[in-house]
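Residue numbers (full-length UniProt numbering): 1 to 339.
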Amino acid sequence: MIRGRLHCQGFTNGDSQKELTFNGSFLSHNILPFFGYDDRRELKSNQYRPQYGLQKLASRLPDTTDQLASRQLFASTQANTINYTFTISTSAGQMVVAPGLLQKEWQSGRRQYFRFVNQAPALFDFSILSARYAVKRKRVDIAGQPVDIEVYYHPGHSWNTDHFITSAKEALAYLDTVLGRYPYTVLRIAERSYYDEALYAYGNVITLPENHGWTADIRRQEDLDYLHYSTTRLIAEQYMKQANISRTQGYPVITRSIPGYLAIQELNHFYGEAALQKRLGKNHDTYLKGRAKEENTEPVLMQSDEEADYVSEQKGSYALYQLSRLAGAQRVNGRSPLF
1 MIRGRLHCQG FTNGDSQKEL TFNGSFLSHN ILPFFGYDDR RELKSNQYRP QYGLQKLASR
61 LPDTTDQLAS RQLFASTQAN TINYTFTIST SAGQMVVAPG LLQKEWQSGR RQYFRFVNQA
121 PALFDFSILS ARYAVKRKRV DIAGQPVDIE VYYHPGHSWN TDHFITSAKE ALAYLDTVLG
181 RYPYTVLRIA ERSYYDEALY AYGNVITLPE NHGWTADIRR QEDLDYLHYS TTRLIAEQYM
241 KQANISRTQG YPVITRSIPG YLAIQELNHF YGEAALQKRL GKNHDTYLKG RAKEENTEPV
301 LMQSDEEADY VSEQKGSYAL YQLSRLAGAQ RVNGRSPLF
């Protein structure tokens, strides 16, 4: 048994302490000890490495010929797939969102308890949220497969919850035709504080900060399109995590570029050329901003890494889209790593 305690004392100048809050805690698997050497904590910036007597890096990820790295899954370097049971307690009045099936919920004293069990062996990659959530649920039928969509949101941010459900249903229907059956019976979409701008997909959960669709004025078409695009991309990332992908150069092409490409195609499928072109323009702007901030040399797409999301998410998805225009979407989609 491992016992641990996380305590935040004071506050930092720039880094938000998003892990523990009175309402909206967000704990990742990094709260558990890491066994062995974690090279992800190395100094990766070539701008600063020479100041510490370190050589500049040619790549921030191991080469595909690295035998050890080739045996490690990109999101689960400490283990392959695992079975788990989470028993989590939180303050009364709060709800816990975690991957797996909710097996049991009960209250004892002033604590609320939740027990989650995974449906199938899963990656050692998870996060746990706890907040005073409201929840909206809807069961949808995706090509004969029932999927329960659950949306967990701050009670004051209920405006777009129906659109999240609609977006998820459309994404599931589209991805079913490209990637096959959704690998879970429950899809959870959870709102999170904007202290952390990142979007996450793990197990059957996707999380988006409150300023990524929850508080958007979707009377503006571009905001509604972004909500659909983000939902599709995150669900597609859930699919990609079903593949055995090693943590070596270029793996983000599968985990990031393909989901981004499929989200673009889904947007075009349901909302047409105007929505597609606007999203491509936004992605191009994001790519240019990322390239301007790059502290190392911009990696080529097939050697992209974890630090250069602007390459894998924006440049990679655009490259695949252009390839689909040249070769045909059906031929490109048929090359999914899941088949």
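We put the CB at the ideal spot given by N, CA and C, even for glycine.
Check                                                                                                                        : Outcome
Alpha-carbon to alpha-carbon, tyrosine 84 and valine 117                                                                     : 6 Å
Local conformation of tyrosine 153 per DSSP, three classes                                                                   : strand
Three-way DSSP call (helix, strand, coil) for proline 146 in this model                                                      : strand
Contact the segment 146-156 vs the segment 119-126: 3+ CB pairs below 8 Å                                                    : no
8 Å Cβ shell around glycine 36 - same chain, five flanking residues per side excluded                                        : Gln78
Residues sharing a beta bridge with isoleucine 206, DSSP                                                                     : Ile189 and Ala201
Where glutamate 313 falls: helix, strand or coil (DSSP)                                                                      : helix
For threonine 215, the nearest candidate out of Ile235, Arg233, Gly328 and Glu191 (CA to CA)                                 : Glu191
Per-residue burial, proline 99 [other beta carbons within 10 Å of its own, 16 or more giving buried]                         : buried
Alpha-carbon to alpha-carbon, leucine 20 and serine 324                                                                      : 44 Å
Neighbourhood of proline 252 by C-beta distance below 6 Å, restricted to the same chain and skipping five residues each side : Ser304 and Ser312
Nearest to tyrosine 133 (by Cα), restricted to the options Pro155, Asp141, Arg115 and Asp125                                 : Pro155
Range of the contiguous beta strand (DSSP E) that encloses glutamate 105                                                     : 101-108
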